[in-house]
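Report on the structure given below.
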Amino acid sequence: MRGCRWLVLLAVAGLVSACSEVVPEEVETRLANEKASIEAHDRAVRELLVLDTDRGRLIFRLFPDEAPNTVTQVRAWVEDGVWDGTWFHRVVTKPVPFVIQGGDPDTRMQPPATDPAVLERQAATLGFGTTDPVLPPERTIRRHTAGALALAVAHDGSRAGPQFVISLARLPHLDGAEPVFGQLVGGWSVLQQIRIGDRIQSARLIPPERIDGDWHADVPPPELGE
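Under numbering that gives the first Met the number 0, the first residue of the sequence shown carries the number 0, and numbering increases by one thereafter.
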């Protein structure tokens, strides 16, 4: 009987010993994954979206906490170079400032016409290109103030691709209709110069400390956010 008890104790001791080896490894893996997730989130919050265009640089802060799915997909598009080489195909400034639209992958396949009249007709045929994946529009609480960056949503409101719109004024009728995932924090004077046919030379995600120049002051005037 005593021999059996010793066998049981030895078996339990072996099980405890095995668990003591397995549990810390599992905990370490979980902690490492949580740390990586926190670091990725912090990086997503800190990094700015920088669009270098023919007219100059546009700098946007992203909102991963308010539009997590949209920002995750936007980051993937940027890293894949989806916006590199595309050109702005819609610029509405009259009779009043409205929006600038870009990001259509189809614009990469056809250079903008040099004749203004031809370019206008050409641009009217664009804005329908997309690339996988297509997102269901994400509901966000951000308002469409001047400099707001949002995904362009299909007319039926069911989906959005890589095309984006930048508000040039306060546009309350777009609130909730097109998900705002970013805000212009530098390059307002550049944005006002954008015309149809201007290219996005590159789109990158850059920490603010690595961006040169006094870009913080070049923002939309406060009255356009009311």
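C-beta atoms are modelled at their ideal positions from N, C-alpha and C, and glycine is treated no differently.
By alpha-carbon positions, which one of the options ends up nearest to residue i?
i    : options               : result
S188 : Q162, A168, P219      : P219
T113 : D211, I210, R194, P23 : R194
R60  : T69, E46, D51         : E46
Q72  : Q121, G55, Q162       : Q162
W82  : P171, L50, H172       : L50
G212 : R198, I199, G185      : G185
P111 : D197, E24, V70, P206  : D197
Q191 : E24, R54, P23         : R54
L226 : R74, T92, R56         : It is not possible to answer for residue 226, since the shown part of the chain is limited to 0 through 225.
Drop a sphere of 10 angstroms on the beta-carbon of residue i, count the other beta-carbons inside from all chains shown, and report buried for 16 or more, exposed for fewer.
i    : result
V11  : Interpretation of V11 is limited by its pLDDT of 48, a score under 50 that renders its predicted location unreliable; the figure taken from the coordinates is listed afterwards. Label assigned to V11: exposed.
G80  : exposed
L8   : Because L8 carries a pLDDT of 47, less than 50, the predicted location of this residue cannot be relied on, and the following value inherits that uncertainty. It is exposed - the Cβ of L8 has fewer than 16 other Cβ atoms within 10 Å.
D64  : exposed
A221 : Correcting the residue type first, residue 221 is Pro in the shown sequence and not Ala. So P221 ends up on the exposed side.
D103 : buried
W5   : Interpretation of W5 is limited by its pLDDT of 49, a score under 50 that renders its predicted location unreliable; the figure taken from the coordinates is listed afterwards. It counts as exposed.
I99  : buried
A216 : exposed
A66  : buried
R1   : Here R1 scores only 48 on pLDDT, less than 50, and its place in the model is too uncertain to base an answer on.
Excluding the five sequence neighbours on either side, which residues of its own chain have a C-beta within less than 8 Å of the C-beta of residue i, listed in chain order?
i    : result
V77  : L48, A202, R203, L204
V152 : P136, R158, A159, A176, E177, P178
E119 : I195
Does the ligand HEM have a heavy atom nearer than 7 Å to the CB of residue i?
i   : result
H88 : In the structure on display, the ligand HEM does not appear, and there are no ligands present to speak of.
Here's a check: name, in chain order, each residue in its chain whose Cβ is nearer than 6 Å to the Cβ of residue i, leaving out the five neighbours to either side.
i    : result
T174 : It is worth fixing the name first, because residue 174 is Asp in this sequence and not Thr. Contacts found: R142, H143.
I165 : I99, L148
Are any of the Cβ atoms in chain C nearer than 8 Å to that of residue i?
i    : result
R138 : The structure shown contains no chain C, having only a single protein chain.
Please return the same chain residues whose Cβ sits closer than 7 Å to the Cβ of residue i, not counting the five positions on each side in sequence.
i   : result
T69 : L134, E137, L150, P178, F180
- prompt: Given 8 Å as the limit, is there contact between the region 164-183 and the region 139-152, that is, 3 or more CB pairs closer than that?
  reply: Output reads yes: the region 139-152 touches the region 164-183.
field: Completely contained alpha helix (DSSP H) runs for the region 38-91, where each covers 4 or more residues
entry: Segments of the alpha helix (DSSP H) lying fully in the region 38-91: 67-78.
task: Tell me the start and end of each unbroken beta strand (DSSP E) in the region 119-196 that is at least 3 residues and wholly inside, in chain order.
output: For the region 119-196, whole beta strand (DSSP E) runs of length 3 or above, ordered along the chain, are 147-152, 159-166, 179-185.
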